[in-house]
Each structure stands twice: as C-alpha cells, then as structure tokens.
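Enquirer: In the numbering used here, the protein residues as written are 537 to 888. By construction, the Cβ of each residue, glycine as well, lies at the ideal position given by its N, Cα and C atoms. Fair warning: this is a prediction, and the values are worked out from it, not measured in the lab.
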Ligand code: NAP
Ligand code: GDP
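Laid out in structure tokens, this is it:
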C-alpha cells in the first residue's frame with residue numbers, strides 16, 4: 537500500500553525538502569497551497585507533474601490554516617497516514633508587526649488542524665500520525681544548551697504562539713490518545729531559505745556585493761547566537777518521529793552554535809570579501825525582545841531516532857554562498873542584456 541502524507545506549508549523551505557524526501561520513499565504527497573495573486577510554488581515546481589501524467593504523486597489542495605472547514609475537508613478527502621503541520625507565519629521579527637495574525641495561524645491554526653484530526657480519527661477509526669513543527673524559539677530566554685526538559689521562556693509573539701501549539705499538541709495526544717509528535721527544531725537553513733532570515737539575507741548580499749550589484753548590507757544584532765543546521769537533514773528527523781512505536785517530543789539540533797558575526801565573516805570570507813567594509817547596523821532589524829543564545833542538545837533524537845545531522849555549519853554556509861553567487865551572476869547577465877530586475881532582498885522591507 538502506498539502511504540499518503542498531507543503537508544501544510546508545502547511551499548515553504550521545509551515543505552519542499554520534506555516533499556522530496558517522502559516522494560523518494562514512495563509516498564503519495566498531498567500539500568496545502570495558499571491562494572496568492574502571484575505564483576508561490578517556486579520551491580516545489582520541480583517536483584510537480586501534470587496530474588494527467590501517469591505516476592504523478594504530488595497533489596495540491598487550496599487551503600489555509602485560518603480556515604478550519606477546509607482543513608477538515610482536505611483531511612477527509614486525502615485520508616492521509618501522516619500529517620506534517622509545517623504551515624506558519626514563521627518570521628520572528630514579523631510576528632512583532634502582526635502578532636494577532638501570527639497567533640491565528642501558528643497557535644489557533646494548529647488547534648484547528650488538531651480538531652479536524654480528532655474528529656477524522658473518531659469517525660473513520662483510521663490511524664493518522666501528526667507532526668507539529670515546533671521551534672527552538674520557544675526556549676527564548678532559557679540558558680543553553682536546551683533540551684526537551686528545558687522550560688519554555690518565549691520572547692516573541694511567534695514563540696508564544698508556537699508554545700501554545702506545542703501544548704495543544706501534547707494535550708490532544710494525552711486527552712484523545714492520538715499519535716502526535718512535537719519536533720522542537722533549532723534554526724535550519726538552505727539555499728531555499730526565505731530571503732529575510734539572517735543566513736539567506738547574508739549569503740544573498742555577499743553574492744550580490746561580489747558581483748557589484750549592491751554595496752551595503754544592513755543588519756541588526758550581530759552578537760546573537762544560533763544553532764544552525766541544514767534543512768535537508770532536519771526533515772528526515774520529522775519523518776523518523778512518525779515511524780516510532782510511541783509518539784513523543786524531540787529536540788533536533790546540531791549541538792554547535794555560532795554568532796551572526798561569525799556567519800557574516802564566513803560567508804563574506806568565502807568570496808574573498810572584507811565584511812567590515814560592507815556591513816552596517818540598521819536599528820530596524822533589532823527586535824523589541826531578543827533571544828540571545830540557542831544551542832540544542834539533541835541526544836534524545838540521536839539515541840531514540842538514530843538521527844544525526846550530516847552537514848556542518850561551514851559546509852552549509854559555503855553551499856548557500858555558492859548558490860547565491862550563481863543567482864547574482866544570472867541577475868548580472870540579465871541586466872547586461874537590458875532586463876532590469878526589481879530591487880531584491882530584505883534591506884528594503886524593514887522587517888528582514
Ligand atoms: P517557511 O519557509 O516560512 O514556510 C512556511 C509555510 O507556511 C509556507 O508554505 C507558507 O505558505 C505557509 N503558510 C503561511 N501562512 C499560512 C497559512 N495562513 N495557512 C497555511 N499555510 C501558511 O518556513 P520553514 O522554514 O519551511 O518552516 C516550516 C515550519 O517549521 C514552520 O512552522 C516554522 O515556523 C517551523 N520552524 C522553522 C525553523 C527554521 O529554522 N526553518 C525552525 C523551527 C521551526 P506561502 O508559501 O504561501 O507563504
Ligand atoms: P530566528 O532565530 O528564527 O529569529 O531567525 P532569523 O534568521 O530571523 O534571526 C536569527 C538571529 O539573527 C536573530 O537573533 C536576529 O536578531 C539576528 N539578526 C541580526 N540581523 C538580522 C537581520 O537583518 N535579519 C534577521 N532576520 N535577523 C537578524
């Protein structure tokens with residue numbers, strides 16, 4: 537029997553890697569897509585085939601975590617074996633600008649999905665396994681290293697919403713005996729990372745500066761430390777959680793942390809650039825409350841899931857820099873040919 541997976545947030549960074557991973561395992565993958573006025577499927581376009589083509593195994597359904605009716609309808613229609621709830625307003629700084637929306641999607645959206653799951657399982661008698669995308673941001677002010685026993689001290693509307701979603705998930709597991717796992721994932725990046733997250737903002741800028749397309753990069757707090765891993769490694773941990781005999785919660789991290797300053801040094805150094813000539817502080821990128829240091833202790837995942845990260849920090853940054861240098865070179869070629877590309881990047885948004 538072909539297993540069916542339903543992914544909310546399929547168009548995001550993790551959604552794309554998880555879809556690739558599950559398709560390679562022979563799953564039929566179903567994803568929830570938000571309607572947008574422009575295409576928002578860039579990250580999964582290479583995986584999508586016309587449904588008329590035999591063997592096409594990726595199906596998209598319109599839906600939104602703000603709409604409980606659609607969540608129920610899609611669940612009933614797909615009858616998945618596994619649900620991965622990755623959809624979220626996932627940007628910490630943006631969550632200070634749109635806290636109510638962030639709570640609606642990240643906290644209440646998870647509750648809506650869990651309510652749909654609870655009723656679907658009760659009516660159908662089917663076994664459905666559910667993954668909830670939790671975040672190291674939930675630890676917030678707690679001192680590193682953080683593990684599953686570390687109390688949450690959320691420092692942003694995003695973190696508070698994810699913490700609520702975490703506890704909803706725990707409660708639904710206990711109250712209704714559902715197979716629900718919380719992954720508490722530390723920051724994970726890739727060439728598919730959104731361009732307003734610091735890693736990608738830095739590697740995009742380094743490539744464009746190298747190609748003479750921009751001169752300055754404006755950043756906020758350079759002293760914050762994060763435990764950055766590779767997204768491709770982390771989606772395997774999500775899947776492993778749902779293959780266990782019992783549902784549980786797991787920290788997923790590399791166990792090593794670096795500062796934003798070190799990230800910048802490595803990225804610019806990779807291209808032979810002196811970052812100090814290009815990087816400037818812009819207070820718009822500071823947060824009202826900052827999370828100073830995240831470093832995960834993933835020994836439980838290593839022991840029980842047999843999971844470990846394959847890519848280290850320096851290799852990850854090199855991969856992203858190489859990818860983004862290539863993008864900058866393409867942009868330069870287009871400009872030379874007379875095509876003006878719109879100003880890109882987080883620097884103009886004020887929320888990146
Ligand atoms: P991402 O690239 O920002 O993707 C978020 C996904 O959620 C996108 O597909 C987005 O759709 C979708 N989405 C946004 N609002 C939605 C709504 N109202 N209803 C349904 N879908 C909605 O995030 P990611 O990096 O892949 O992260 C995946 C999940 O893991 C998120 O829940 C995130 O908070 C969590 N997480 C991420 C990290 C990390 O370091 N990456 C760490 C810990 C936890 P559009 O494409 O249409 O915007
Ligand atoms: P987060 O850990 O989920 O908030 O991931 P981000 O990539 O958005 O931010 C990681 C760290 O980089 C945080 O401590 C930010 O304050 C810091 N940072 C410094 N400058 C910037 C910036 O210009 N943009 C973003 N997004 N983060 C920045």
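Could you tell me which uninterrupted alpha helix (DSSP H) segments, each at least 4 residues in length, are contained entirely in the segment 709 to 775, listed from first to last along the chain?
Expert: 734 to 746
Enquirer: Do you know whose CA, among 611, 630, 851, lies nearest residue 599's CA?
Expert: Comparing Cα positions, the closest option is 611.
Enquirer: State yes or no: is the C-beta of residue 682 nearer than 7 Å to some heavy atom of the ligand NAP?
Expert: no
Enquirer: In whole angstroms, what is the alpha-carbon distance linking residue 540 and residue 680?
Expert: 38 Å
Enquirer: What would DSSP say about residue 575, mapped onto helix, strand or coil?
Expert: Three-state DSSP puts residue 575 in coil, outside helix and strand.
Enquirer: Distance check for residue 726 and residue 735, CA to CA, integer angstroms please.
Expert: Residue 735 and residue 726: Cα-Cα distance of roughly 9 Å.
Enquirer: Taking the beta carbon of residue 746 as the centre, do at least 16 other beta carbons fall within 10 Å, making it buried, or is it exposed?
Expert: Burial call: buried.
Enquirer: Going by DSSP, what residues sit across from residue 549 in a beta bridge?
Expert: None; residue 549 has no bridge partner.
Enquirer: Short of 7 Å in beta carbon distance, which residues of its chain neighbour residue 696, apart from the five on each side in sequence? Order them along the chain.
Expert: 690
Enquirer: Measure the alpha-carbon distance for residue 891 versus residue 841 and round it to whole angstroms.
Expert: Missing from the structure shown is residue 891; the chain here goes from 537 to 888 and no further.
Enquirer: Less than 6 Å between C-beta atoms, sequence neighbours within five positions excluded: which residues of the same chain meet that for residue 536?
Expert: This structure cannot speak to residue 536, because the chain is shown only from 537 to 888.
Enquirer: Identify which residue in 619, 773, 753 has its Cα closest to the Cα of residue 817.
Expert: Ranking 619, 773, 753 by Cα distance to residue 817 puts 753 first.
Enquirer: Counting pairs of beta carbons, one from the segment 845 to 863 and one from the segment 713 to 730, are three or more of them closer than 8 Å?
Expert: yes
Enquirer: Could you give the C-beta distance for residue 652 and residue 604, rounded to a whole number, given that I count them as a contact under 8 Å?
Expert: 7 Å
Enquirer: Taking 7 Å as the cut-off, does the CB of residue 575 come closer than this to any heavy atom belonging to the ligand GDP?
Expert: no
Enquirer: Is residue 796 a contact residue of the ligand GDP, with contact defined as CB to any heavy atom under 7 Å?
Expert: yes
Enquirer: With hydrogens ignored, establish whether the beta-carbon of residue 752 is closer than 7 Å to any heavy atom of the ligand GDP.
Expert: no
Enquirer: Curious, which full-length alpha helix (DSSP H) runs of at least 4 residues does the segment 587 to 637 contain?
Expert: For secondary structure counted as the alpha helix (DSSP H) over 4 or more consecutive residues, the segment 587 to 637 holds these complete runs in sequence order: 604 to 614, 628 to 633.
Enquirer: Report yes if the CB atom of residue 615 is closer than 8 Å to the CB atom of residue 654, and no otherwise.
Expert: no
Enquirer: DSSP on residue 814, reduced to helix/strand/coil?
Expert: coil
Enquirer: If you reduce the DSSP assignment to three classes, tell me which class residue 883 lands in.
Expert: Because the pLDDT of residue 883 is 48, which lies under 50, any placement of that residue in the model is unreliable, and the question is left without a value.
Enquirer: Please state if the CB of residue 704 and the CB of residue 778 are separated by a distance shorter than 8 Å.
Expert: no
Enquirer: Let's see if you can read the secondary structure: which residues bound the beta strand (DSSP E) around residue 640?
Expert: Counting along the chain, residue 640 falls outside any beta strand (DSSP E), and DSSP gives it neither H nor E.
Enquirer: From the DSSP output, in three-state form, read off residue 688 for me.
Expert: coil
Enquirer: I want to know whether the segment 540 to 557 touches the segment 760 to 770 - three or more CB-CB distances under 8 Å.
Expert: yes
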